[in-house]
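A.B. asks: If you read the protein sequences in the order shown, they are chains A and B.
Numbering follows UniProt numbering, with no gaps: position 976 of the first sequence is 976.
Numbering follows UniProt numbering, with no gaps: position 95 of the second sequence is 95.
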Amino acid sequence: MAAPPRRSLLVLFAGLLVFASLATRATAIYEDQVGLADWHQKYIGKVKQAVYHSQKSGRRRVVVLTEENVISSLDLRSGDIFWRHVIDKNDPLDQLSLSHGKYVLTLSSGGTILRAWNLPDGQMIWETNLRTSAASNPQLHVMSNNKVAKDNLVLVSAGRWIYAVSSIDGAISWEKEFSIDGLEIKRILQSPENDVVYALGLAGSSKLALYHLSAKTGEILKDIQESLPGGLCGETVLGCDNVLVALDKARSSLLLIELKGERISYNKVLVSDLVQDLSGSFKLQSLSNGVISLQTSSSISLLKLKGTDGLEVIQRFDQPAAVSDSLTITEKGEAFAVVQHLGSEIEFIVKFTSDLSSEIIREKVNIDQNRGNVEKVFLNSYIRTDKSHGFRALVVMEDHSLLLIQQGEVVWSREDGLASIVDVTTSELPVEKDGVSVADVEHNLFEWLKGHMLKLKGTLMLANADEVAAIQALRLKSSEKNKMTRDHNGFRKLLVVLTKAGKVMALHTGDGRVIWSNLLPSLRASRFGGTPSALRIYQWQVPHNIVMRENPSVLVVGKSGAESSTPGVFSILDSYSGEELNSMKLDHSVVQIIPLTLKDSSEQRVHLIVDSNSNAHLYPKSPDALNVFLHEMSNLYFYSVDIQANVIKGYSLQKSCGLNLGDEYCFSTKELWSIIFPSDSERIAISETRKMNEVVHTQAKIIGDHDVMYKYLSKNLVFVATLSPKAAGDIGSALPEEASLVAYLIDAVTGRILHRVTHHGAQGPVHAVLSENWVVYHYFNLRAHRFEMAVIEIYDQSRADNKDVMKLVLGKHNLSAPITSYARPEVAVKSQSFFFTHSVKAMAVTQTAKGITSKQLLIGTIGDQVLALDKRYLDPRRSVNPTQQEKEEGIIPLTDSLPIIPQSFVTHSHQVEALRGIVSIPSKLESTTLVFTYGVDLFYTQLAPSRTYDSLTDEFSYALLLITIAVLVGAIIVTWIWSEKKELRDKWR
Amino acid sequence: MAPPRRALLVLAALLFLSLSLAAAAAFRSDELLLNDDDEFEGVGARPSAPSPAAAPAVSSSRRRSADAPLPGAGESNAVQFTLEHDLGGGKGFVPAGTFSARLKTLAHVTQTLTKLRFTRNDLTEDDKVAFKKLLQEDGFYTIRLPSNVLDTTKKHNVVSSIKARCIPRDSLDEHIVIHMDGVNILAVNYGSVGGCQYPRPMKLPSKWTFSSYTILKTAEQAPRTPSFADLLIEADNGLGEVMKPPEKSFWAKYWMYIIPLGLIVMNAVTAAANIPEEAAGQGQPGAQRAPAAGRRR
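1. Taking any Cβ of chain A, which residues in the stretch 82 to 114 of chain B have a Cβ under 8 Å from it, in chain order?
2. Give a yes or no on whether the minimum CB-CB distance between B:Asp-127 and chain A is below 7 Å.
3. Counting only C-beta atoms, is B:Val-79 closer than 7 Å to chain A at any point?
4. Where do the N-terminal and C-terminal ends of the alpha helix (DSSP H) with A:Met-453 fall, by residue?
5. So for A:Leu-238, helix, strand or coil by DSSP?
6. Just by C-beta distance, which residues in the stretch 554 to 568 of chain A are closer than 7 Å to chain B?
7. Using a C-beta to C-beta distance shorter than 7 Å, which residues of chain B count as neighbours of A:Phe-835?
8. Any residues in the stretch 185 to 201 of chain B with a beta carbon nearer than 9 Å to a beta carbon of chain A? Which ones, in chain order?
9. For B:Ala-187, which residues from the same chain have a beta carbon less than 6 Å from its beta carbon, with the 5 sequence-adjacent residues on both sides left out?
10. Is DSSP giving A:Arg-756 helix, strand or coil here?
11. For a contact defined as C-beta to C-beta under 7 Å, what are the partners of A:Ala-823 on chain B?
12. Using the beta-carbon of each residue, which ones in chain B are nearer than 9 Å to A:Trp-673?
13. Listed from N- to C-terminal order along the chain, which residues in the stretch 612 to 627 of chain A have their beta-carbon within a distance smaller than 8 Å of any beta-carbon of chain B?
14. With distances taken Cα to Cα, identify the nearest neighbour of A:Ile-819 among A:Ala-828, A:Leu-857 and A:Lys-715.
15. With DSSP collapsed to three states, give me the class of A:Ile-977.
16. For a contact defined as C-beta to C-beta under 9 Å, what are the partners of B:Ala-222 on chain A?
17. How big is the Cα-Cα spacing for A:Ser-553 and A:Ser-344?
18. Determine the direct distance from the alpha carbon of B:Thr-114 to that of B:Gln-80, and round the result to whole angstroms.
19. Within 7 Å of any Cβ in chain B, is that where the Cβ of A:Ile-753 sits?
20. Nearest-angstrom Cα distance between A:Phe-905 and A:Leu-943?
21. Just to make sure I have the definition right: I need the residues of chain A whose C-beta is within less than 7 Å of the C-beta of B:Ser-147. Which are they?
22. By the three-class DSSP mapping on this structure, what secondary structure does B:Lys-248 have?
23. Would you mind telling me which residues of chain B sit closer than 8 Å to A:Asn-781, beta carbon to beta carbon, in chain order?
24. CB-CB under 8 Å to A:Leu-287, same chain, minus the five flanking residues each way: which ones, in chain order?
25. Can you pull the chain A neighbours of B:Ala-219, defined as C-beta to C-beta under 7 Å?
26. Could you name the residues that DSSP lists as bridge partners for A:Pro-595?
27. So the beta strand (DSSP E) A:Lys-841 belongs to, where does it begin and stop?
28. Determine the burial state of residue 298 of chain B: buried for a count of at least 16 other Cβ atoms within 10 Å of its Cβ, exposed for fewer.
29. In terms of alpha-carbon separation, which member of B:Lys-104, B:Pro-95, B:Tyr-198 and B:Asp-181 lies closest to A:Pro-678?
30. Could you tell me whether the Cβ of B:Asp-151 comes closer than 7 Å to any Cβ of chain A?
31. Tell me whether B:Gly-262 sits in a helix, a strand or coil according to DSSP, three-state version.
32. Would you kindly check if the distance between the Cβ of A:Tyr-795 and the Cβ of A:Gly-828 is under 7 Å?
33. Closer than 9 Å by beta-carbon distance: list the chain B residues that pair up with A:Leu-894, in chain order.
34. In three-state DSSP terms, what is A:Asn-794?
35. For A:Arg-837 and A:Val-866, which I take to be in contact (beta-carbon distance under 8 Å), what is that distance rounded to the nearest angstrom?
36. Note the first and the last residue of the continuous alpha helix (DSSP H) segment covering A:Phe-391.
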């Protein structure tokens, strides 16, 4: 009886072996896991121009150009993106137009690059480089119904150049440079017969020039120049066919300039006759048929030209309001739209330019208050079912969102403010209340069983294609990850993002939906003041034990103007609801914001704000916070990096600031140290510090031969990289001999330079990440013609003699002695550099709750993807032939370049267009970190750098486990009965 | 042929020697300096002029003494710059010592400092009082140096501070690290010689003199990134040779699998052998089984 059990044991063992060999080391996810823990959202940014497809083409689409330098085709019915191109930031898009009904034309880089894109699928058809001096305001004019040739010509004007380009293949058919210095072509017009092109230019501020050009050859047929007394400010608009309306330099009167015949004659109209409020800026907009709109900071006036004699005010709308361009409706003439605010609603009015007194449409549309004011309107018409003309409009709001309004309703909206995220922080969700039970979710037992059966089938690979899809849908639908409560693993969080428009939004990590949003009133552009800008967002209050009942809150810091000396703005928001709890305008500027690790009794984080006079202000302004702060003040230091002056300075804080002695929350600073880089040989390129919330698990590193190396773990470590002035430009602009990069490791308390190393022939841009005791930086090596990544690890030698166990036992070690920065550190530095294939847009490192999990570098590549590169590859101790001990330790043999494993792209198939930042947020589960990547797109995923060693994966089939257990128990019972029976039989024998 | 050549060599050597001697008479030899390049010249606080007068007087006296053995030619080579300190109390920076060094031109372009000497001025009674106050307050003792050694007129200074209580031991011990880039001083790191314990106890020095240690530091060169392109090509060429020697025999490689497998097979065979026996015992002889059973018997 002894043999059979052994046999089964052997079989089991063999089975285990097979199973173990199947479990691969791959960290990548499988195809069917895409979208389970990650989400990707596509945005386009704030729309600045939009053109609709012509009525004839069946598809309802709109092509838009945005401030994030995106050109995109949107579905008018749903707002979905058909296609999209994100153009590089240094090739800014200026103009957008349609040609032939099948090409999208874009003019970029100040009128030097003209591109044509295929309308249906967005493929580029042709690109033409034009030799012009890059102008600030290039014009693009597509000639219509040209009888000269079948080909429609596209006229591009930039500065004093005019180009005529064939819209079929982009060939330049003629070009013309005008001889007047400083001429800027403002308008290109077409004669009704299409054989003459009028170019209207402005030279300097007062000289007006009108050219008649042959449309075929570009030859100058006529040339009229006229000097205008008083000058023009550049704001010109064509009132009707031959009358130009221009604002004069003093911004006090409008000039009506008649272009008829040989001469230019003009007439003056005082603006004060038309509108009362003269402050702020003026904007003129032509609505054709002699109707123009004049926008001031308080109102929009519709003006009608009375020949050249004068202007007449037809109607006035109070700001905030917006006027669309005119839209040609075939038989009835031209229509335009006005959108104005009426309380919580907006009013959408459509009028014909021929009859300004009547309105075709006046609709009221309810709009979310958090969208702010209307900024732009793009009108479109359609044929209703009853064959009449209907109107709809795209509306761009103050928070950069895009809405389509039709029949008095918002048909769809896009939160395109999320394309311009400034800063990100996170917030925990509320704890689950007792009332909510899991049973609500698993409402139907049958459904639940069916789901598990499906999953089981999937695991056993019995499912067919339909069932696989069903499983996928089930997984996606599983509400577990989208709940609005805190989960055990800390995967569910709120990502609180601050956008450029001053809107704060909370995104759920489960599926990326917007939980709340708040357009901060303090960051909205006021009518008279400057344009406020949002700076940073911080966690303000994270309740733990004392004030458990309160909601967490976030702090938003902004500036009320463009200059650095403008006063700051402060706003505190509730993290669960987005409600603004407190908002204040600071009486000082904001140069540097220092969140401290201190908290006051209500668990509000203490922040120091340094103003432009180097005074530090303490927030929150409560006596309690002040007490906590004063207690620690003598041990607080901060530093500032002044890239302009090429100086790094360290400061300590002193009681009472010089300005007003009464303010006890204001502290003056004393300069303690300074590092001055010689400007002729070094310019500061980047400075990096460790993340404040970083946790390091172990101080020591045990190397292969059981020796110990102590990490130099100072929170005050700053990495600074400087480049020689020539090396800061584009690659290729400097010779290897002229370019160099110097890397510094600086202690920010004493200003001590711990390490300094020069890389000759290295060129920017530099990206760096500092974590634990190492820094990794990325640059271009001009000699090797490749990108490089270098690593510096810094170890503390002063504690190196703590290896003796006896000393440790007897307490003679200095591990627990307080460390002061004033002691001279003995550090040892190990460094190595490696070649790297990609250029880099952003770099970050994974953060986990306890810092035990090994680290991965998150590298935003030029292809807008995120690569997770194991830190082990960037180990300075890698050698060509590692010893056996080193191999056991896990040291990878040295290779000259870092491997790029396709499976280690965190973003798998997605691209995070125009990637700007990568944030890693620790979850409660040590193995897992949450990664949020933002650019024009958003991408979120969970990452386990050392795989999930501390939990069962989502894929784990509990049903299979239960079934296995049941089967085993059954088998035991059956065999038991058998053996009983056999025994009985044997006994009876 | 040999003797004349040797004579020529001797002559050349003599000539060289005399030339170098002549050079040594005119300049101080550079070669000696190479040894203590980047090294400190540990000088205890040397009371300079007996009268603790204003800084200009001190600096000029130092200059004269430094220049004395090298008349004429050495003028452009010697550099001096002053260390200023701030003892708090709102008095601002006052000269506290003088660095003198020699400027060495490398490859006609880059200039470096060598042979750095540092002389501290004596502390006056006022200074001592101020320093004591600083110690009591646990304040900062701050020093500064000009950011450019040659052009001291530009008002850029690199600053460094330390808690005053870190400095006193028997005397006032200071450790100055000057980070140089050519003739620019990037930064100065001022510290105590030993550690500085925390919390800092109040302690007065027994001697009111500074003992200074000074180090000049320049940037290290990063090593070149290793490139294995050549190695790889070599390895590719010699791939066949490299790979063949460690060929093991089949048995040597797979014995650990073969033995268990063999055991299992043997087990199975014995088990299979037992079944027909039982079957025969049950009295159900199959058509095929019968011969086998027969063979076994």
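The C-beta atom is built at its ideal place from N, Cα and C for all residues, glycine as well.
C.D. replies: Reading from the atomic positions:
1. Among the residues of the stretch 82 to 114 of chain B, none has a Cβ less than 8 Å away from any Cβ of chain A.
2. Not closer than 7 Å to any Cβ of chain A, the Cβ of B:Asp-127 fails to qualify, so no.
3. The beta carbon of B:Val-79 does not come within 7 Å of any beta carbon belonging to chain A, so the residue lies off that interface.
4. Where A:Met-453 is concerned, the enclosing alpha helix (DSSP H) stretches over 445 to 459.
5. When secondary structure is reduced to three states using DSSP, A:Leu-238 falls in the strand class.
6. Within the stretch 554 to 568 of chain A, no residue has a Cβ that lies closer than 7 Å to any Cβ of chain B.
7. Near A:Phe-835 (Cβ distances below 7 Å), the residues of chain B are Thr-225.
8. Look at the stretch 185 to 201 of chain B: the residues with a C-beta under 9 Å from a C-beta of chain A are Ile-185, Leu-186, Ala-187, Val-188, Asn-189, Tyr-190, Gly-191, Ser-192, Val-193, Gly-194, Gly-195, Cys-196, Gln-197, Tyr-198, Pro-199 and Arg-200.
9. Only Val-158 and His-179 meet the Cβ criterion.
10. Strand, per DSSP.
11. Contact of A:Ala-823 with chain B by beta-carbon distance below 7 Å involves Gly-195 and Cys-196.
12. Contacts between A:Trp-673 and chain B, judged by CB atoms closer than 9 Å, involve Thr-142, Val-158, Val-159, Ser-160, Ser-161, Ala-187, Val-188, Asn-189 and Tyr-190 in chain order.
13. Contacts with chain B (Cβ-Cβ distance below 8 Å) from the stretch 612 to 627 of chain A involve no residue at all.
14. Distance from the Cα of A:Ile-819 is smallest, within the candidate group A:Ala-828, A:Leu-857 and A:Lys-715, for A:Lys-715.
15. Looking at A:Ile-977 - three-state DSSP - the assignment turns out to be helix.
16. Residues of chain A passing the Cβ test: Leu-741, Ala-743, Val-757, Thr-758, His-759, His-760, Ala-762, Ala-790, Ser-831 and Ser-833.
17. Just so you know, the alpha carbons of A:Ser-553 and A:Ser-344 end up roughly 27 Å apart.
18. Using only the alpha carbons, I get a separation of about 12 Å.
19. It does: the Cβ of A:Ile-753 has a partner Cβ on chain B nearer than 7 Å.
20. Rounded to the nearest whole angstrom, the CA to CA distance from A:Phe-905 to A:Leu-943 is 11 Å.
21. Listed along chain A are Ile-676, each with a C-beta nearer than 7 Å to that of B:Ser-147.
22. Collapsing the DSSP output to three states places B:Lys-248 in coil.
23. Per Cβ cutoff of 8 Å: Thr-225.
24. Non-local beta-carbon contacts of A:Leu-287 in its own chain, meaning distances under 8 Å to residues more than five positions away in sequence, involve Ser-293, Leu-302, Val-323, Asp-325, Ser-326, Glu-334, Phe-336 and Thr-353 in chain order.
25. Within 7 Å Cβ-Cβ: Val-742, Arg-756, Val-757 and Thr-758.
26. Paired residues: A:His-607.
27. Residues 840 to 845.
28. Residue 298 of chain B lies beyond the stretch modelled for chain B, which goes from 1 to 297, so this question has no answer here.
29. For A:Pro-678, the closest alpha carbon among the candidates B:Lys-104, B:Pro-95, B:Tyr-198 and B:Asp-181 is that of B:Asp-181.
30. It does not; no Cβ of chain A falls within 7 Å.
31. Secondary structure at B:Gly-262: helix, using DSSP grouped into helix, strand and coil.
32. Before going on, a small fix: residue 828 of chain A reads as Ala here, not Gly. In this structure, A:Tyr-795 lies closer than 7 Å to A:Ala-828 by Cβ.
33. Result: Pro-226 and Phe-228.
34. Checking the sequence shown, residue 794 of chain A turns out to be Ile, not Asn. Strand at A:Ile-794.
35. Residue identity check: residue 837 of chain A is Thr in the sequence provided, not Arg. Contact doesn't hold; Cβ gap of about 15 Å is too wide.
36. Run containing A:Phe-391: none in the alpha helix (DSSP H); it sits in the beta strand (DSSP E), 389 to 397.
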